[in-house]
Amino acid sequence: MTGPRESRLAAIEQLSKAPRYQALEPLKRVLLNGEPGVDRPAALAGLRQIALAQGDSDQRIQDAVREVIYHGDDEAFAADAQTTLDVIANAETNRTP
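Numbering follows my numbering, with no gaps: position 36 of the sequence shown is 95.
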């Protein structure tokens, strides 16, 4: 969460392609504490990407997104987070075991 914007976004992008067990905690930290207009939306998109590609059977990604919704102070970002949560929950419901 430090350094030039482009470097931070590149790191978030790489995490979005990493195995879930490696990426979840760093992306969650960025989601909760990153720069609001840059890092947090990228982390939200990264978590969504991971959940859709790798699943979220333990709901840890959904829990992180819920935390943003319930404790966030940015209504627009909370709305985006709610949409993401809905997409992930729907994907998990439709996932074949």
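Note that beta-carbon positions come from the ideal geometry of N, C-alpha and C, so glycine has one too.
Small disclaimer: the values here were computed from a predicted structure and weren't measured.
Rounded straight-line distance, which links the Cα of alanine 112 to that of glutamine 81: Here residue 81 corresponds to residue number 22 of the sequence shown, with the count starting at 1. Here residue 112 corresponds to residue number 53 of the sequence shown, with the count starting at 1. For glutamine 81 and alanine 112, the distance between alpha carbons rounds to 14 Å.
From Asn153, Ala135, Gln141 and Glu151, residue whose alpha carbon lies closest to that of proline 95: On the sequence shown, residue 95 is found 36 positions in, with the first residue counted as 1. Closest in C-alpha terms to proline 95, from the list Asn153, Ala135, Gln141 and Glu151, comes Ala135.
Classification of alanine 102 by the beta-carbon crowding that lies within 10 angstroms, buried from 16 upward: One-based indexing of the sequence shown puts residue 102 at position 43. Around the C-beta of alanine 102, 16 or more other C-beta atoms lie within 10 Å, and the residue is accordingly described as buried.
Burial state of leucine 86 (16 or more Cβ within 10 Å): Against the sequence shown, residue 86 aligns to sequence position 27. The C-beta of leucine 86 has 16 or more other C-beta atoms within 10 Å across all chains shown, which makes the residue buried.
Euclidean distance between Cα positions of leucine 74 and asparagine 153: Looking up residue 74 in the sequence shown gives position 15. Looking up residue 153 in the sequence shown gives position 94. Here the alpha carbon of leucine 74 sits roughly 25 Å from the alpha carbon of asparagine 153.
The alpha helix (DSSP H) enclosing glutamate 65, as first and last residue numbers: To locate residue 65, count along the sequence shown from 1; it is residue 6. For glutamate 65, the uninterrupted alpha helix (DSSP H) run begins and ends at 64-75, by DSSP.
Cβ-Cβ separation, arginine 99 to leucine 90 (assumed contact under 8 Å), whole Å: Working through the sequence shown from its first residue, we reach residue 90 at position 31. Working through the sequence shown from its first residue, we reach residue 99 at position 40. Indeed, because the Cβ distance is near 6 Å, the residues count as touching under 8 Å.
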